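*Asks:*
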Amino acid sequence: MKEVRSKADLALHGAAPAYAQPLHVGRPNVGSRDTFMRLAGEIFDRRWFSNNGPLVEEFERTVADFLGVKHCVAMCNGTIALEIAIRALGLGGEVIVPSYTFVATAHALYWQGITPVFADIDPRTHNLDPDAVRRMITPRTTGIIGVHLWGRAAPVSELQAVAEENGLKLMFDAAHAFGCSYQGQMIGKFGSAEVLSFHATKFFNTFEGGAVVTDDDDMAGKMRLMRNFGFAGFDNVIHPGTNGKMTEICAAMGLANFDCLEDVIQTNEANYHAYSLALRGLPGVELIAYDAASRNNFQYVVVEITNGSRATRDEIVAALQAENVLARKYFWPGCHRMKPYRDLFPHAGLMLPHTEAVASRVIVLPTGGDVCASDIEFIASVFRQLA
Ligand code: T4K
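33 is the number of the first residue of the sequence shown in my numbering; add one for each residue after it.
(1) Would you kindly work out how many angstroms separate the C-alpha atoms of MET218 and PHE236, rounded to a whole number?
(2) Would you call the CB atoms of SER224 and LEU202 closer than 8 Å?
(3) Quick one: is MET33 buried, meaning 16 or more other Cβ sit within 10 Å of its Cβ, or exposed?
(4) Is it buried or exposed for LYS371, if we count other Cβ within 10 angstroms and need 16 for buried?
(5) Going by other Cβ atoms of all chains shown within 10 Å of its Cβ, with 16 needed for buried, is GLY73 buried or exposed?
(6) On the CB-based measure, 16 or more other CB atoms within 10 Å of its CB, does GLY110 come out buried or exposed?
(7) Among the residues of its own chain, which have a CB less than 7 Å from the CB of THR279, if the five just before and after it don't count?
(8) As an exercise, report each continuous alpha helix (DSSP H) stretch of at least 4 residues that is fully enclosed by the stretch 324-353, in chain order.
(9) Considering only the beta carbon of each residue, do MET107 and GLY262 sit closer than 8 Å?
(10) Can you tell me which of PRO365, VAL357, GLY253 puts its alpha carbon nearest to the alpha carbon of LEU55?
(11) Would the beta-carbon of ILE411 fall within 8 Å of that of LEU352?
(12) Helix, strand or coil: which one does DSSP assign to GLN53?
(13) Within a Cβ cutoff of 8 Å, which residues of the same chain sit near PHE204, ignoring the five residues on either side of it in sequence?
(14) For ASP295, which three-state DSSP category applies?
(15) Let me know the secondary structure DSSP gives LYS34 once reduced to three states.
(16) May I have the straight-line CA-CA distance separating HIS103 from ARG93, to the nearest angstrom?
(17) Drop a sphere of 10 angstroms on the beta-carbon of GLY340, count the other beta-carbons inside from all chains shown, and report buried for 16 or more, exposed for fewer.
(18) Count the other CB atoms within 10 Å of the CB of ILE270; is the residue buried (16 or more) or exposed (fewer)?
(19) Exposed or buried, THR399, counting other C-beta atoms within 10 Å across all chains shown (16 or more means buried)?
(20) What residue range does the alpha helix (DSSP H) around HIS139 cover?
(21) Thinking VAL396 and TYR332 are a contact (beta carbons under 8 Å), I'd like their distance in whole angstroms, please.
(22) I need the DSSP call for GLU126, collapsed to helix, strand or coil.
(23) Using alpha carbons as the reference points, say which of ARG327, ASN61, ILE408 lies closest to ALA232.
(24) Ignore the nearest five residues each way along the sequence and tell me which others in SER131's own chain have a CB closer than 6 Å to its CB.
Shown next as structure tokens:
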């Protein structure tokens, strides 16, 4: 890494970028390579690569025990896991979701002919606002999907109350929240089901992967059928289905990564505190807080740029990217402004003022094992020069 330069020298103004190789948001966390290689060797020896192999079964038990849930149904990715959970739960018509989320939450509904109806968020938590959810309920509404954005729990109890009062089903997109807790309980226990993503960029990865966790025996049974074309034994299809299976090599990665969960949290938490110190006191630069009473995985370092800053969010992102620090504007511009949903609801923004404001303020910064103290100091220096 180069020495910190003056504002005039920022790469934006023609100097070479500080990093020859990009510093990414979402670098995969890697656990025990020895465990992975050993398990990969066993896969070759067994010649059993997919279709509910022994490693997938072990992985499912490990995840279910870790979260304290009855069932973990492992899948090929979080998006398919969402789609299958949505079908198994019997959602249809309209389902209320936040717009401020990764687009997969909305796509998983729309792809199945269900209308995602976007409700606004609480600007403090970036999660669904239960009152905004109430306002979006119509006679066609069948359910609510809460998202635990950044691993911070959605308002689970309040959303449960809204669902019960209105006869709606409730499930959660917990793609960011593996290893996090809410009121003393691991996320994974809430609603009818929760959906995890184990994508490479997530706190915990299986290269690609996902799972639905639930205490509901009936739903788990249906999802096991659905992820394997509805097969119940050779030649016997008893349910419509798709191919949502997790492979053995992905389960091996998951088992190898389990050994390092706590180490990753420690690294992420240390980075988070280093960012917090380095950015402290900068006007208009606010690092989002994690609730000290909950377990967090600290996978996302999320900064909001507010009016006090001299530079806009986009100017800061451009300056960082020019230095090869690939900071991200997650989840800009909000699902409702993406073409498929803009076409569906051209004026949705009128109902989503907090979503629009937050989406225009957020920068997500690199963290994980690839990021060291001097990187954080450099990134903070870019903020200091601009903000
Ligand atoms: N619900 C929510 C709330 C989600 O956030 C997501 C996924 C889902 C559902 C769906 O789950 P999956 O079907 O994905 O399991 C990334 C991820 O692709 C996506 O999984 C994730 N959310 C989202 C928040 O972030 P992009 O478009 O930013 O990905 P990409 O390819 O730009 O990768 C981000 C950075 O990570 C890159 O700068 C490079 C780095 N990277 C990426 C990969 C894949 C690596 O260093 N190594 C790698 O192998 O969406």
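For each residue, glycine too, the CB sits at the ideal point set by N, CA and C. Values in this document were obtained by computation on a predicted structure and should not be read as measured data.
*Replies:* In short, the structure shows the following:
(1) The sequence position of residue 218 within the sequence shown is 186, counting from 1. The sequence position of residue 236 within the sequence shown is 204, counting from 1. So the alpha carbons of these two residues sit roughly 15 Å apart.
(2) Within the sequence shown, the letter at position 192 stands for residue 224. Within the sequence shown, the letter at position 170 stands for residue 202. In contact: SER224 and LEU202 (Cβ atoms closer than 8 Å).
(3) In the sequence shown, counting from the first residue as 1, residue 33 sits at position 1. Low confidence applies here, because MET33 scores a pLDDT of 46, under 50, leaving its location unreliable and the question unanswered by this model.
(4) By 1-based counting over the sequence shown, the position of residue 371 is 339. Burial call: exposed.
(5) The residue you call residue 73 lines up with position 41 of the sequence shown. Label assigned to GLY73: exposed.
(6) Taking the sequence shown and counting its residues from 1, the one referred to as residue 110 is at position 78. Buried, because 16 or more other Cβ atoms sit within 10 Å of the Cβ of GLY110.
(7) Residue mapping note: residue 279 aligns to position 247 of the sequence shown, counting from 1. Excluding sequence neighbours, THR279 sits near PHE81, SER82.
(8) none
(9) For the purposes of this step, residue 107 is taken as the residue at position 75 of the sequence shown. For the purposes of this step, residue 262 is taken as the residue at position 230 of the sequence shown. Against a cut-off of 8 Å, the Cβ pair of GLY262 and MET107 comes out as no contact.
(10) Counted from its first residue, the sequence shown places residue 55 at position 23. The option with the nearest alpha carbon to LEU55 is VAL357.
(11) Sequence index remark: in the sequence shown, residue 411 carries index 379 (1-based). Sequence index remark: in the sequence shown, residue 352 carries index 320 (1-based). Yes. Within cutoff.
(12) Against the sequence shown, residue 53 aligns to sequence position 21. Coil, per DSSP.
(13) Residue mapping note: residue 204 aligns to position 172 of the sequence shown, counting from 1. Excluding residues within five positions, the ones whose Cβ falls inside 8 Å are ILE177, GLY178, VAL179, HIS180, ALA186, VAL188, ILE219, PHE222, GLY223, ALA225, GLU226, VAL227.
(14) The residue you call residue 295 lines up with position 263 of the sequence shown. It is helical.
(15) Walking along the sequence shown from the start, residue 34 turns up at place 2. Interpretation of LYS34 is limited by its pLDDT of 48, a score under 50 that renders its predicted location unreliable; no figure is taken from the coordinates.
(16) As a first step, residue 103 must be located in the sequence shown, where it is residue number 71. As a first step, residue 93 must be located in the sequence shown, where it is residue number 61. Those two C-alpha atoms are separated by around 8 Å.
(17) Sequence index remark: in the sequence shown, residue 340 carries index 308 (1-based). The residue in question, GLY340, is exposed, as its Cβ has fewer than 16 Cβ neighbours within 10 Å.
(18) What you label residue 270 is simply residue 238 of the sequence shown in a count that begins at 1. With fewer than 16 other Cβ atoms within 10 Å, it is exposed.
(19) Within the sequence shown, the letter at position 367 stands for residue 399. Under this definition THR399 is a buried residue.
(20) Numbered from 1 along the sequence shown, position 107 holds the residue referred to as residue 139. Element bounds for HIS139: 136-142.
(21) Residue mapping note: residue 396 aligns to position 364 of the sequence shown, counting from 1. Residue mapping note: residue 332 aligns to position 300 of the sequence shown, counting from 1. Confirmed, about 6 Å.
(22) Here the question's residue 126 lines up with position 94 in the sequence shown. Strand at GLU126.
(23) Position 200 of the sequence shown, counting from 1, holds the residue named residue 232. When only C-alpha atoms are compared, the closest one is ASN61.
(24) Here residue 131 refers to the residue found at position 99 of the sequence shown. Taken in chain order, the residues that qualify are PHE150, GLY366, CYS367, HIS368, LEU384, THR387.
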